[in-house]
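Counting from 790, one number per residue, gives the positions in the sequence shown under the working numbering.
Cβ atoms here follow ideal geometry from the backbone N, Cα and C, with glycine treated the same way.
Report on one structure; see the data block that follows.
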Amino acid sequence: MRKSGLLLHPTSLPGPFASGDLGPSAHAFVDFLAQAGQSVWQVLPLGPTGYGDSPYQCFSAFAGQPLLVSPEMLAEQGLLSRHDLSRLPVRHESGTDYGAAVQSAALVAEQLAAHLSGHAAEARFEAWRAATPWLAEHTRFMAIREAHGGRPWHEWPEALRLRDAAALAEADRTLASAMRRHAAMQWAFAEQWAALRAHAHANGVQLLGDAPIFVAFDSTDVWASPGLFELDAQGRPTGVAGVPPDYFSETGQLWGNPLYRWGAHAASGYAWWIARLRALLGLVDCVRLDHFIGFVRYWEVPPDAPDARPGQWRPGPGRALFDALASALGGLPLVAEDLGETGPEVEKLRDDLELPGMRILQFAFSQESTNPFLPENHVPNAVVYTGTHDNDTTLGWWQGASEAERTQAREVLGASSGDIAWDLIEAAMASVARTAIVPVQDVLSLGREARFNTPGKASGNW
790 MRKSGLLLHP TSLPGPFASG DLGPSAHAFV DFLAQAGQSV WQVLPLGPTG
840 YGDSPYQCFS AFAGQPLLVS PEMLAEQGLL SRHDLSRLPV RHESGTDYGA
890 AVQSAALVAE QLAAHLSGHA AEARFEAWRA ATPWLAEHTR FMAIREAHGG
940 RPWHEWPEAL RLRDAAALAE ADRTLASAMR RHAAMQWAFA EQWAALRAHA
990 HANGVQLLGD APIFVAFDST DVWASPGLFE LDAQGRPTGV AGVPPDYFSE
1040 TGQLWGNPLY RWGAHAASGY AWWIARLRAL LGLVDCVRLD HFIGFVRYWE
1090 VPPDAPDARP GQWRPGPGRA LFDALASALG GLPLVAEDLG ETGPEVEKLR
1140 DDLELPGMRI LQFAFSQEST NPFLPENHVP NAVVYTGTHD NDTTLGWWQG
1190 ASEAERTQAR EVLGASSGDI AWDLIEAAMA SVARTAIVPV QDVLSLGREA
1240 RFNTPGKASG NW
């Protein structure tokens, strides 16, 4: 069945507060999708952002983003007062203000935890808290981090850094109220997301999520399960993730994430990965699996390298991981992010697993007839995009395109509407690929000022 939809992260939704959230604007966006005949809403990773504000560098691979909790919906439930709402930072004309959004979430968390005591929703919160297996470690991690001025876990006192049992027990005792506050925000995110997902399903809209292949070093995941990552005895990475020089950066991309100890994952039957995908599929209907190449081979960079060029390829887990996932989850509702210099091994794994890959129209016009992104070379089992969150907007791309690219694009696309963004949208919708996704920036014909992310750029994104 052919389907199409839009790419929009919820932080970009309009609203009165410092960041877009899961409240009225999110529900209105679902209504718009349905009215426009669209059946897919694609979002970026939904976790709590850390370094660089990036949704690909989160404090947890399981937790939700507190910044997305809607204060208005909490107020409707009697879990915030109108006075509480009046204290929250408002949104600037330029869009999401990350610092103000963090301040807002902290104020909401404080008041939510207070209002929950004795509220009719408290029993529901406590039941959810007891039934959520990853929550205790995550709230402990966030409370300890907060108590140490926001310092990353590898800078904590040794007893906490290395998870001494007595030190953890003392932290649980002294930080109980902070842990409850963080738990309350996770519960609020889960409830509001569940309501949004139900609204989407009632309107025939599926949710396409995103799973970064790697997790952040400063995360619950690495601190709580160091044996699953390539760390030394003091908890320092022995190698970090990145990619070699490519289309986006001539020095490669140095992501800095710790690498997986794949032997330990295999020994557990890939239990952590199964739990991770199960949790994510409790939020969305399908998952874009970021950096699919990394499951075949990954780029290991020395931890002290200035950029990604000194790295080397290492073998990933291959099919064994996906067989374990399919057996545990009953299928693989995944999209393979197969961009970059993949090679036949990556393509074979993708095709053996019958996963759709990605086709990006902005990459199509290289003068090569075999270019897989050219519309004539698309295949049905694929998702076609005008561009992704890592690309410039289509208008911005066009302004920087070479004359050769422009000439070929005009030849391939045929009659022009006078709006290159909509010319690519039409090409995406006409593709044989079964799914077409368009970033909202292109629907609005926005330029470079609306670019969401520039790979390799440390700040000013998202």
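In terms of Cβ geometry, S849 and S966 do not form a close pair [threshold 8 Å].
Taking the Cβ atoms as the reference, Q1151 lies roughly 5 Å from G1176, within the contact range of under 8 Å. Straight through space, the alpha carbons of G1120 and R1067 are spaced by roughly 11 Å. DSSP places P1244 in no alpha helix (DSSP H); its state is neither H nor E. Between A807 and D886, the CB-CB gap stays under 8 Å.
Under the criterion of beta carbons closer than 8 Å, R880 and G804 qualify as touching, at roughly 7 Å. In the three-state reduction of the DSSP assignment, P1099 falls in the coil class, being assigned neither a helical nor a strand state.
For W1088, the enclosing beta strand (DSSP E) covers residues 1086-1090. The three-state reading of DSSP puts V994 in coil, since its state is none of H, G, I, E or B.
In terms of Cα proximity to G939, the closest of R1223, A1239, G1105, G839 is G839. Residue environment analysis places E1130 among the exposed positions, since fewer than 16 neighbouring C-beta atoms fall within 10 angstroms of its C-beta. Secondary structure at D820: helix, using DSSP grouped into helix, strand and coil. Sorting P1106, V1076, A1239, L1070 by C-alpha distance to the C-alpha of R1086 places P1106 at the top. A residue is called buried when at least 16 other Cβ atoms come within 10 angstroms of its Cβ; G867 does not meet this threshold and is exposed.
Taking 4 residues as the shortest admissible run, the segment 865-940 contains the following complete alpha helix (DSSP H) segments, listed from N- to C-terminal end: 871-875, 887-905, 911-920, 924-936.
Taking G1024 as reference, the option from A1030, P1047, I1002 with the minimal CA-CA separation is P1047.
In this structure, G998 lies away from L822, with their beta-carbon atoms at least 8 Å apart. Note that the segment 1091-1108 touches the segment 1026-1041; at least 3 beta-carbon pairs, one per stretch, sit closer than 8 Å. According to the DSSP assignment, V1201 belongs to no beta strand (DSSP E) but to the alpha helix (DSSP H) extending over 1192-1202. When C-beta atoms of the segment 977-989 are compared with those of the segment 1049-1068, fewer than three pairs fall below 8 Å, so the two segments do not count as touching.
Short of 7 Å from the beta carbon of L1020, and not among the five residues preceding or following it, lie these beta carbons of its own chain, in chain order: P1026, T1027, P1047. Counting C-beta atoms within 10 angstroms of its own C-beta, G1016 has fewer than 16 neighbours from the protein chains shown and is therefore classed as exposed. If you look at W1044, you'll find it in the beta strand (DSSP E) that goes 1042-1047.
Residue state for T1009 is assigned as helix, using DSSP reduced to three classes. By the Cβ-count criterion, Y1036 is exposed, with fewer than 16 other Cβ atoms from all chains shown falling within 10 Å of its own Cβ. In this structure, the straight-line span from the alpha carbon of I1226 to that of Q827 is close to 10 Å. C-alpha of Q1197 to C-alpha of A1153: approximately 9 Å in a straight line.
Taken atom to atom, the span from the alpha-carbon of S1038 to that of V1135 is near 21 Å. Taking C-beta atoms under 8 Å as the contact rule, T928 and M968 qualify, at a distance of about 4 Å.
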